[in-house]
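Colleague: Sharing a structure below in structure tokens format, with a few things to ask.
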């Protein structure tokens, strides 16, 4: 765990916000206590966390509520964590925000399937009013963060409504995960963990920030046309008028029986919108020869086969550019697709990638999908970079 020096039970008064900490303790009470030791401070007003689904979640929720009494909490389960020391597994990472530099408002969406534009407008209006009430005299900019149940299949509908309601406020997010089990994913709000829900945060701050998204994939010449699809299930039945798994297998040169998440990470598909390619990652192949996707797919869309460029070169370039535009950074909150992590693991690059992330001050989690400006995307590194705050002095 990364902590800062200080008295037992309270973080050092001379810390930079937002401030991050992590714990690898498997016991919920001990993990919550470690995080509180690193983050608790008289100026602490909000804690955002990302945790492995291996924790006993009900017990973890109770422990976090107790350790951070009178501090608002939000978070979600993951497919891996990004700690202050780089990639983690089976742990919990948390970010503390102080009230002097950040107003954070949070709300939960309980019924994703019935979330409409009027619902979104009411929710966003309430979040913005809450932010304004926390610091009425401060001149701020705002960004929004959305954490969605990664197995809900409702991301596109929810994000489209939120994008319209936010009215130009930069927004991003990630889909909650469950350590690659694809069974149950959870978000945390209102004091507990919830399935089939989303958490929306609006963060207001005078500090410089930039919401971004990037990927390291480049288009190839090969194309696949979706010729038969079950839209509601995000299940492609045919590509180029052939069984989907068979057509994809022929294209990448792998037998259908060998298709798995690592193959899908190495040979992604993308849809072109304007001059940009947006990845539509495959979740799994089924016994009937269909392909299940993480993002919505429709009949007639053309999917471009993508190939990977060196990920670490591209990531390092992004981090250097963010620092150049914003000045010294206090933190980068990153939503990193779990397929990117699988690629790094297969190439033996987790250790050097962790060094790059740690040196740049990146914390966050591995997701089942990312969100950027109202779009649901895959296989990206998406987030917000926040400029450094003045160091606090406290008596």
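In this note's numbering, the protein residues as written are 1 to 395. Beta carbons: idealized from backbone N, C-alpha and C, even for Gly.
1. For residue 18, is the classification buried or exposed, using 16 other Cβ atoms within 10 angstroms of its Cβ as the cut-off for buried?
2. Kindly indicate which residue of 139, 189 and 164 has the alpha-carbon position closest to the one of residue 109.
3. Does the stretch 331-344 come close enough to the stretch 222-232 to have 3 or more Cβ pairs within less than 8 Å?
4. Name the one or two DSSP bridge partners that residue 108 has.
5. CB residue 329 to CB residue 269, shorter than 8 Å?
6. For the structure I just gave you, are there three or more beta carbon pairs, one from the stretch 339-352 and one from the stretch 79-88, closer than 8 Å?
7. Closest to residue 349 by CA distance: which of 87, 34 and 271 is it?
8. Buried or exposed for residue 362, please, with buried defined as at least 16 other CB atoms from any protein chain shown within 10 angstroms of its CB.
9. Specify the secondary structure class of residue 393 as computed by DSSP and reduced to three states.
10. If you follow the alpha helix (DSSP H) that residue 397 is in, where does it begin and where does it stop?
11. Under a Cβ-count criterion, where at least 16 other Cβ atoms within 10 Å of its own Cβ denotes burial, should residue 139 be classed as buried or exposed?
12. Specify, as a first and last residue, the run of the beta strand (DSSP E) that residue 381 falls within.
13. Ignore the nearest five residues each way along the sequence and tell me which others in residue 382's own chain have a CB closer than 6 Å to its CB.
14. Whole angstroms are fine: how far does the CA of residue 96 sit from the CA of residue 40?
15. What do you reckon, are the CB atoms on residue 360 and residue 332 nearer than 8 Å?
16. Give me the Cα-Cα distance between residue 345 and residue 257, rounded to the nearest whole angstrom.
Modeller: According to the structure shown:
1. Buried is the call here.
2. Distances from the alpha-carbon of residue 109 to those of 139, 189 and 164 put 189 closest.
3. Under the Cβ criterion (8 Å, minimum of three pairs), the stretch 331-344 does not count as touching the stretch 222-232.
4. The beta-bridge partner set that DSSP reports for residue 108 consists of 199.
5. No, the pair does not count as a contact, with Cβ atoms beyond the cut-off.
6. The stretch 339-352 vs the stretch 79-88: in contact.
7. Nearest option by C-alpha distance: 87.
8. With 16 or more neighbouring CB atoms inside 10 Å of its own CB, residue 362 falls in the buried class.
9. Summary for residue 393: the model assigns pLDDT 35, below 50, so the residue's position carries little reliability; its value from the coordinates is reported in the next sentence. DSSP places residue 393 in coil when its eight states are reduced to three.
10. This structure leaves residue 397 out entirely; the chain is present only between 1 and 395.
11. Residue environment for residue 139: exposed (fewer than 16 other C-beta atoms within 10 angstroms of its C-beta).
12. Residues 381-387.
13. Same-chain partners within the cutoff: 172, 213, 335, 370 and 372.
14. One C-alpha to the other measures close to 8 Å.
15. Yes, the pair counts as a contact, with Cβ atoms nearer than the cut-off.
16. Rounded to the nearest whole angstrom, the C-alpha separation of residue 345 and residue 257 is 22 Å.
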